[in-house]
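Have a look at the structure below before the remarks.
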Amino acid sequence: MGRLLPFLLLIALISGTAAADSFYLAVDVTSDLGGANFTPWNVARNDSSTYSLELSLPDGTPVNGLHRMDGGDWLLSLAQPADLGGLTFMSNDVVRYDPINGSYSVYLDGEALGIPAASRIDAVFLEGGDNGTLVISFDVRTELGSDIFLPGDLAEYSAGGFSVVLNGLASGLPASANLSGADKHGGAFLLLFDASVTLGGNSYLPGDIVRWDGSSFSLFAADPNWPSGSRARAFCMLASPGDVLPGLTMTKVTGSPKLQLTWQPSCSTAAEDYGIYEGTVGAWTSHTAIDCFDDLNDLTEIIAPQPGSNSYLVVPYSVNAEGFYGATRGVGIRTRGLTVCVTEQDLTPCP
Ligand SMILES: [Ca+2]
Ligand SMILES: [Ca+2]
Ligand SMILES: [Ca+2]
């Protein structure tokens with residue numbers, strides 16, 4: 444990853460615009476994406492329509508809902524029942540997959556909550572980080588108690604029950620529209636549909652990701668070479684980059700004015716690199732990016748300090764966003780740098 448990031452940032456600098464946000468997706472039929480085939484049980488990572496294999500589930504496990512947790516686990520729903528790790532999961536369950544241990548567990552038991560067996564969960568995400576609120580969608584009209592959820596709605600699970608957090612009809616979706624994937628990013632909903640849809644006078648294709656900010660729809664991401672006949676059936680954004688754990692140390696390099704900074708990893712597995720910021724002691728909003736790449740990915744860098752009394756911060760980031768500033772939490776959220784390594788910031792709390 445250490446080499447991919449500079450490449451992507453270089454593209455962004457050359458083009459003069461921010462690189463498109465990266466995300467994960469799964470397709471409904473085996474599809475050629477950027478020259479490689481992906482099956483419905485593959486999770487692909489999309490970096491500006493360049494695709495790489497991120498996760499491969501057992502054959503016959505078609506992904507329907509997809510969410511990446513900051514701690515590295517995946518939340519999944521399945522387009523058909525499957526046996527995974529000795530457990531049988533139905534299409535109205537949410538599965539938690541730990542890719543380090545290769546283990547599966549029940550995150551949401553659909554039957555126990557009264558979700559009809561015929562109602563497949565077709566979108567899944569957590570709002571507010573790994574300890575946040577689960578949000579789902581169904582693929583058919585679903586009655587739970589006295590509540591009715593349409594395929595274009597998003598429902599959150601809280602205190603043992605579901606409530607609508609995105610009302611499709613009230614937001615301007617056609618009654619026929621089915622949300623087949625969703626996430627939240629920068630305060631807006633990102634939505635995927637299982638068929639072409641016209642919203643606010645604009646047409647969107649099954650591979651497009653549509654942004655809904657509460658008042659209007661806009662195109663968030665589209666691959667101009669998306670294969671006809673394929674749908675993206677699930678997608679999610681990269682997890683949040685988090686905050687470095689306490690323990691930043693500075694040592695003088697022997698026989699040199701340079702300093703060696705060594706820091707702890709981020710609380711989140713989504714930190715892909717780290718930015719070093721230098722400021723003037725006492726001027727707590729003066730910090731500016733002096734090095735945006737942890738060469739060798741070894742959580743240490745040697746820097747040439749400016750004259751005077753300086754302070755240093757290390758900020759984790761992904762291609763999409765920077766995380767928190769500061770080596771310790773509990774000191775308040777520091778302001779962003781005067782120059783930054785990544786344009787966006789994501790302050791989702793650590794797991
Ligand atoms: Ca789906
Ligand atoms: Ca749906
Ligand atoms: Ca390094």
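Those letters in the sequence shown? Residues 444 to 794, by the numbering used here. We put the CB at the ideal spot given by N, CA and C, even for glycine.
Taking C-beta to C-beta, are residue i and residue j nearer than 8 Å?
{"i": "R563", "j": "N507", "result": "yes"}
{"i": "P684", "j": "D475", "result": "no"}
{"i": "V538", "j": "L521", "result": "yes"}
{"i": "L642", "j": "G615", "result": "yes"}
{"i": "A566", "j": "N535", "result": "no"}
{"i": "T417", "j": "T782", "result": "The structure shown does not extend to residue 417, since the chain spans only 444 to 794, so no value can be given for it."}
{"i": "A620", "j": "V640", "result": "yes"}
{"i": "D464", "j": "P483", "result": "no"}
{"i": "P649", "j": "A675", "result": "yes"}
{"i": "F481", "j": "Y467", "result": "no"}
{"i": "T791", "j": "G572", "result": "yes"}
{"i": "S492", "j": "N668", "result": "yes"}
Got a sec? Which residues, its chain only, sit under 6 Å from residue i by beta carbon, not counting five neighbours each side?
{"i": "H628", "result": "M680"}
{"i": "T712", "result": "G515"}
{"i": "I752", "result": "Reading off the sequence shown, one finds Ser at residue 752, where the question assumed Ile. Excluding residues within five positions, the ones whose Cβ falls inside 6 Å are V724."}
{"i": "L500", "result": "W484"}
{"i": "F605", "result": "L587, A598"}
{"i": "Y647", "result": "V640, V653"}
{"i": "M444", "result": "The predicted model places M444 with a pLDDT of 41, which falls under 50 and marks its position as unreliable, so this point remains unresolved."}
{"i": "S754", "result": "G722, V724"}
My guess is that residue i and residue j are in contact by the Cβ rule of under 8 Å, so how many angstroms apart are they, rounded?
{"i": "L597", "j": "L622", "result": "7 Å"}
{"i": "V785", "j": "Y760", "result": "5 Å"}
{"i": "C793", "j": "C710", "result": "4 Å"}
{"i": "G766", "j": "A714", "result": "7 Å"}
{"i": "L609", "j": "F632", "result": "6 Å"}
{"i": "T576", "j": "S601", "result": "6 Å"}
{"i": "L498", "j": "P542", "result": "7 Å"}
Buried or exposed: residue i, going by 16 or more other Cβ atoms within 10 Å of its Cβ?
{"i": "N544", "result": "exposed"}
{"i": "L593", "result": "buried"}
{"i": "I579", "result": "buried"}
{"i": "L634", "result": "buried"}
{"i": "P505", "result": "buried"}
{"i": "V687", "result": "buried"}
{"i": "A664", "result": "buried"}
{"i": "L519", "result": "buried"}
{"i": "D738", "result": "exposed"}
{"i": "V583", "result": "exposed"}
{"i": "Y574", "result": "It is worth fixing the name first, because residue 574 is Asn in this sequence and not Tyr. Flag for N574 reads exposed."}
{"i": "W727", "result": "exposed"}
{"i": "L756", "result": "buried"}
{"i": "L704", "result": "buried"}
{"i": "D741", "result": "exposed"}
{"i": "A613", "result": "exposed"}
{"i": "G557", "result": "exposed"}
{"i": "I652", "result": "buried"}
{"i": "A677", "result": "buried"}
{"i": "D780", "result": "At residue 780 the sequence reads Gly, which differs from the Asp that was named. Buried: at least 16 other Cβ atoms inside 10 Å."}
{"i": "V696", "result": "exposed"}
{"i": "A764", "result": "buried"}
Counting only the same chain and skipping the five closest in sequence on each side, list residues whose C-beta sits under 8 Å from that of residue i.
{"i": "I733", "result": "I719, Y720, E721, I746"}
{"i": "P524", "result": "T531, F532, M533, S534"}
{"i": "Y768", "result": "Y720, H730, L756, V758, I776, R777, T778, R779, G780"}
Using a Cβ-Cβ cut-off of 7 Å (strictly less than) and excluding sequence neighbours within five positions of residue i, which residues of its own chain qualify?
{"i": "Y540", "result": "D516, W517, L519, Y547"}
{"i": "F568", "result": "H510, V578, A625, D626, K627, C679"}
{"i": "K701", "result": "I745, I746, A747"}
{"i": "D637", "result": "N621, S623, P649, R674"}
{"i": "A479", "result": "Y494"}
{"i": "W655", "result": "S614, A631, F632, L634"}
Hey, does residue i have any beta-carbon neighbour from chain B nearer than 8 Å?
{"i": "D582", "result": "Structure shown: chain B not included; a single protein chain is present."}
ask   = Curious, which full-length beta strand (DSSP E) runs of at least 3 residues does the region 707-786 contain?
value = 716-723, 726-734, 743-746, 753-760
Any beta strand (DSSP E) of 3 or more consecutive residues that is wholly inside the region 475-548 = Counting only runs of 3 or more, we get 479-481, 485-490, 493-499, 506-511, 517-521, 525-527, 530-532, 537-541.
request  = Starting from the N-terminal side, write out each stretch of the beta strand (DSSP E) that is 3 residues or longer and does not extend beyond the region 546-623.
outcome  = Runs found: 546-551, 564-570, 576-581, 585-587, 590-592, 597-601, 604-609.
Length-filtered (4 minimum) alpha helix (DSSP H) runs lying within the region 657-686 = DSSP runs (the alpha helix (DSSP H)) wholly in the region 657-686: none.
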